[in-house]
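**Student:** Quick note, the sequences are listed as chains A and B, same order.
Following the UniProt record's numbering, the numbering of the first sequence begins with 1 at its first residue and continues without gaps.
Following the UniProt record's numbering, the numbering of the second sequence begins with 1 at its first residue and continues without gaps.
Yeah, the Cβ is synthetic: ideal placement off N, Cα and C, and Gly gets one too.
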Amino acid sequence: MLSVHEVTTAYQGLVAISAVSIEVQKGEIVCVAGANGAGKSTLLKSIAGAERPRSGTVMFDGKRLDGMAQHHITATGIAYVPENRRLFPRLSVRDNLRLGSYLYRGEANREEPLDLVFKLFPRLSERLDQRAETLSGGEQQMLAIGRALMTRPRLLMLDEPSQGIMPKLVDEIFQAVKLIRDSGMTVLIVEQRMAECLEIADRAYILQTGRVLMQGPAAEITGNPDVRKAYLGL
Amino acid sequence: MDKSFTERRRRELLVAASLTVAAALVPLFIKNPNVQNIMILTLMFGALSQSWNILSGYCGQISLGHALYFGLGAYTTTLLFTKFGVPPWFGMLAGGAISALIAMALGYPCFRLGGHYFAIATIVIAEIGLLLIQNWEWAGAALGIEMPVRGDSWLKFQFARSKLPYFYFALALACIAWFVTWWLEDSKWGYWWRAVKDNPDAAQSLGVVVFDSKMGAAAVSAFLVAIGGSFYAMYVSYIDPGSVMGFQFSLLMALPAVLGGIGTLWGPLLGAIILIPLTELTRSYIGGSGRGVDLIVYGTLIVVIALARPEGLIGLFSRRKEASR
């Protein structure tokens, strides 16, 4: 479904990821793990069009994405939830969600993704009239994911959904990711908290200083003695 | 979406319809022409402020140069009528179309400016427009143009004996501006505008075409303001550059919205209902002692509002609603 081939992205000459290749198949949850500064976020930004890769190609369902404008990439069916969530703080929860549903031009059913969002995150349905800025960190993350779902994406990309959130809600969010996949979407998730993420992932990549260090089925990676020592602290 | 939301929108429509009916009956009982004049101006500025609110309130691009579109509407209608005999109804639409096009042409460079720079640019552009008209001989230059009086007629929209047709037109204008806003609030554009206002970077990353949203808001806003300008020209039947394109019109469009609640559906009308009668009364009672007393009144009001209720008077209502929940 998504194929990233030898992508190199640099910030003003500073190479953040170099020749990174990853594959995501339809219906998978793929986790990209790695320490701070490994280039995880840069990888997602390069796919979403927030950063322009210096070289390499990004293909999504046979369409070439690299070089496309960000809003065109969104329209191909990729929803990207960035690290800082980028909510609209002074708009209500309802408006934030509705905004997601206005990215598709067609007059398709707007209620359907909303039902899914409320099923995944019942808290949001209780807070529809509240401003987004009054939500807790976890709720804001839920809202960001919910808004992304309103675009009815085929591929959902999450950048560190666990960041700055209390542990109980982290579990809730990861469980929601599983349900999202079960409802027919594909998920590419970038995380520092590898243990939790590997639990729900089908396959995983480990990035280190901008390169793919290791890849394989999640179970295999979890079982790898080096990974256990270096990343999982076991 | 959810039920309470649909219900609230329906309720708003009902309230607006009842208010319209009520307003339509008022001049049947109040026949004093001075009071009728104030009511007409209130409705007109309500409509203008509502239109200004689309670009500046919803989309967040503060314009202090909307007098340009007001003047363009007034001049287009008047010139077409006096020079070519085109009925004002068509002149009105032509003025609207011209203003919308000019708003987009100006938006093309100006929307690249952020924040205050955009507001400053709008002031400067409106002043340039004013200077151009002041020096345009064919359009009457600084002397202005008078609408020839040809007797009461719906086609020419002239009524010497009664103010009622003007009142109902102003009421219709206020209704249209309100309804357009109401409708846009829950449309793709409405959501895009609010997103652009709140966080343009996030909007972009979600796939909102920020530049196009601003252009759309500017066009709709300018079109409606120009219709208001056309109406004003027909109502006063004499225009000169300062009296339709002066900076005070830009302010008078912004202030009711700011007072009532910027970026809200009811704010501009509420603000106009308070501000315009106040202005007219201070002008007629203490105006003789020198121009500008009305401006002191605005200034004071705005300072009080900014200190006590920055979200506008409409905040008084929503605050109460929240408290009762």
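Thinking C-alpha only, which one of Gly-85/B, Leu-72/B, Gly-263/B, His-66/B is nearest Leu-184/B?
**Tutor:** Within the second sequence, numbered from 1, the residue matching residue 184/B stands at position 184. Closest by alpha carbon: Gly-263/B.
**Student:** Take Gly-60/B as the anchor and find which of Lys-197/B, Phe-29/B, Lys-214/B, Tyr-166/B has the nearest alpha-carbon.
**Tutor:** In the second sequence, residue 60/B corresponds to position 60, counting from 1. Of the listed residues, the one whose Cα sits closest to Gly-60/B is Lys-197/B.
**Student:** Work out the CA separation of Asp-129/A and Ala-225/A for me, nearest whole Å.
**Tutor:** The count along the first sequence starts at 1 and reaches residue 225/A at position 225. The count along the first sequence starts at 1 and reaches residue 129/A at position 129. In the sequence as presented, Ala is not what sits at residue 225/A; that position holds Pro. Each residue's alpha carbon lies about 49 Å from the other.
**Student:** So if DSSP puts Arg-228/A in a beta bridge, which residue, or which two residues, is it bridged to?
**Tutor:** The sequence position of residue 228/A within the first sequence is 228, counting from 1. Arg-228/A is not bridged to any residue.
**Student:** What's the gap between the Cα of Asp-201/B and the Cα of Thr-186/A?
**Tutor:** Start at 1 with the first residue of the second sequence, and residue 201/B comes out as number 201. Start at 1 with the first residue of the first sequence, and residue 186/A comes out as number 186. The straight-line gap separating the alpha-carbon atoms of Asp-201/B and Thr-186/A is approximately 26 Å.
**Student:** According to DSSP, which residues form a beta bridge with Leu-158/A?
**Tutor:** Indexing the first sequence from 1 puts residue 158/A at position 158. DSSP output for Leu-158/A lists Val-81/A, Ile-189/A as bridge partner(s).
**Student:** Strictly under 8 Å for the Cβ-Cβ distance: is Asp-66/A near chain B by that measure?
**Tutor:** The sequence position of residue 66/A within the first sequence is 66, counting from 1. Put simply, the CB of Asp-66/A is far from chain B, with every gap to its CB atoms at 8 Å or more.
**Student:** Identify the contact partners of Thr-74/A in chain B, using a Cβ-Cβ distance below 9 Å as the criterion.
**Tutor:** Residue 74/A sits at position 74 when you count from the first residue of the first sequence. In chain order: Ser-205, Leu-206, Gly-207.
**Student:** Checking contacts by CB at 8 Å: is Gln-140/A closer than that to chain B?
**Tutor:** Translated into positions along the first sequence, residue 140/A becomes position 140. Output row for Gln-140/A: interface = no.
**Student:** Based on Cα-Cα distance, which residue from Met-147/B, Trp-189/B, Gly-299/B, Pro-165/B lies nearest to Gly-85/B?
**Tutor:** By one-based count along the second sequence, residue 85/B stands at place 85. Comparing Cα-Cα distances from Gly-85/B to each of Met-147/B, Trp-189/B, Gly-299/B, Pro-165/B, the minimum goes to Met-147/B.
**Student:** Starting from the C-beta of Asp-61/A, find all residues in its chain whose C-beta is less than 7 Å away, skip the five residues before and the five after it, and write them out in chain order.
**Tutor:** The sequence position of residue 61/A within the first sequence is 61, counting from 1. Cβ within range, chain order: Met-1.
**Student:** Rounded to whole angstroms, what is the Cα-Cα separation between Ile-30/B and Gln-36/B?
**Tutor:** Here the question's residue 30/B lines up with position 30 in the second sequence. Here the question's residue 36/B lines up with position 36 in the second sequence. Those two C-alpha atoms are separated by around 7 Å.
**Student:** Kindly identify the DSSP beta-bridge partner or partners of Gly-216/A.
**Tutor:** By 1-based counting over the first sequence, the position of residue 216/A is 216. Looking at the DSSP assignment, Gly-216/A forms a beta bridge with Ala-204/A.
**Student:** Against chain A, does Arg-320/B count as a neighbour if the rule is that its beta carbon must be under 8 Å from one of theirs?
**Tutor:** Start at 1 with the first residue of the second sequence, and residue 320/B comes out as number 320. With a pLDDT of 48 at Arg-320/B, under the threshold of 50, the modelled position of that residue is not reliable, and the figure given next carries that caveat. Put simply, the CB of Arg-320/B is far from chain A, with every gap to its CB atoms at 8 Å or more.
**Student:** Which class does Val-149/B belong to by DSSP, given the choice of helix, strand or coil?
**Tutor:** Within the second sequence, numbered from 1, the residue matching residue 149/B stands at position 149. The answer is coil: DSSP assigns Val-149/B none of H, G, I, E or B.
**Student:** Return yes when the Cβ of Met-92/B is within less than 8 Å of the Cβ of Thr-77/B, no when it is not.
**Tutor:** Looking up residue 77/B in the second sequence gives position 77. Looking up residue 92/B in the second sequence gives position 92. Contact: yes.
**Student:** Spell out whether any CB of chain B is found under 8 Å from the CB atom of Gly-106/A.
**Tutor:** Against the first sequence, residue 106/A aligns to sequence position 106. Note that Gly-106/A has pLDDT 48, beneath the 50 cutoff, so the model's placement of it is unreliable and the number below is only indicative. Not a single C-beta of chain B is nearer than 8 Å to the C-beta of Gly-106/A.
**Student:** With 16 other CB atoms within 10 Å as the buried threshold, where does Ser-284/B fall?
**Tutor:** Counting from 1 along the second sequence, the entry for residue 284/B is found at position 284. Ser-284/B is exposed by the Cβ-count criterion.
**Student:** With 9 Å as the limit, tell me which residues of the stretch 147-162 of chain B have their beta carbon closer than that to any beta carbon of chain A; keep them in chain order.
**Tutor:** From the stretch 147-162 of chain B, no residue has a Cβ closer than 9 Å to chain A.
**Student:** Helix, strand or coil: which one does DSSP assign to Tyr-285/B?
**Tutor:** As a position in the second sequence, residue 285/B is number 285, starting the count at 1. Annotated three-state conformation of Tyr-285/B is helix, per DSSP.
**Student:** Can you give me, in chain order, the residues of the stretch 5-21 of chain B that have a beta carbon less than 8 Å from any beta carbon in chain A?
**Tutor:** Shown in chain order are the members of the stretch 5-21 of chain B whose Cβ falls below 8 Å from a Cβ of chain A: Phe-5.
**Student:** In whole angstroms, what separates the C-alpha of Ala-257/B from that of Ser-63/B?
**Tutor:** Looking up residue 257/B in the second sequence gives position 257. Looking up residue 63/B in the second sequence gives position 63. Cα to Cα, Ala-257/B sits roughly 12 Å from Ser-63/B.
**Student:** Could you pull out every residue in the same chain whose Cβ sits closer than 6 Å to the Cβ of Gly-106/A, ignoring the five residues on either side in sequence?
**Tutor:** Here residue 106/A refers to the residue found at position 106 when the first sequence is read from its first residue. Here the model assigns Gly-106/A a pLDDT of 48, short of 50, so the residue's position is not dependable and the matter cannot be decided.
**Student:** Take Lys-26/A and list the residues in its own chain whose beta-carbon comes closer than 6 Å to its own, dropping the five residues that flank it on each side.
**Tutor:** By one-based count along the first sequence, residue 26/A stands at place 26. Met-1, Thr-186.
**Student:** Assuming contact is defined by CB atoms lying nearer than 8 Å, are Ile-276/B and Leu-41/B in contact in what I supplied?
**Tutor:** Numbered from 1 along the second sequence, position 276 holds the residue referred to as residue 276/B. Numbered from 1 along the second sequence, position 41 holds the residue referred to as residue 41/B. Yes.
**Student:** If you check the beta carbons only, do Gly-312/B and Gly-260/B fall under 8 Å apart?
**Tutor:** What you label residue 312/B is simply residue 312 of the second sequence in a count that begins at 1. What you label residue 260/B is simply residue 260 of the second sequence in a count that begins at 1. Their beta carbons are under 8 Å apart, which means Gly-312/B touches Gly-260/B by this criterion.
**Student:** With distances taken between CB atoms, is the gap from Tyr-191/A to Glu-160/A smaller than 8 Å?
**Tutor:** Numbered from 1 along the first sequence, position 191 holds the residue referred to as residue 191/A. Numbered from 1 along the first sequence, position 160 holds the residue referred to as residue 160/A. Tyr is not the amino acid found at residue 191/A; the sequence shown has Glu there. Contact: yes.
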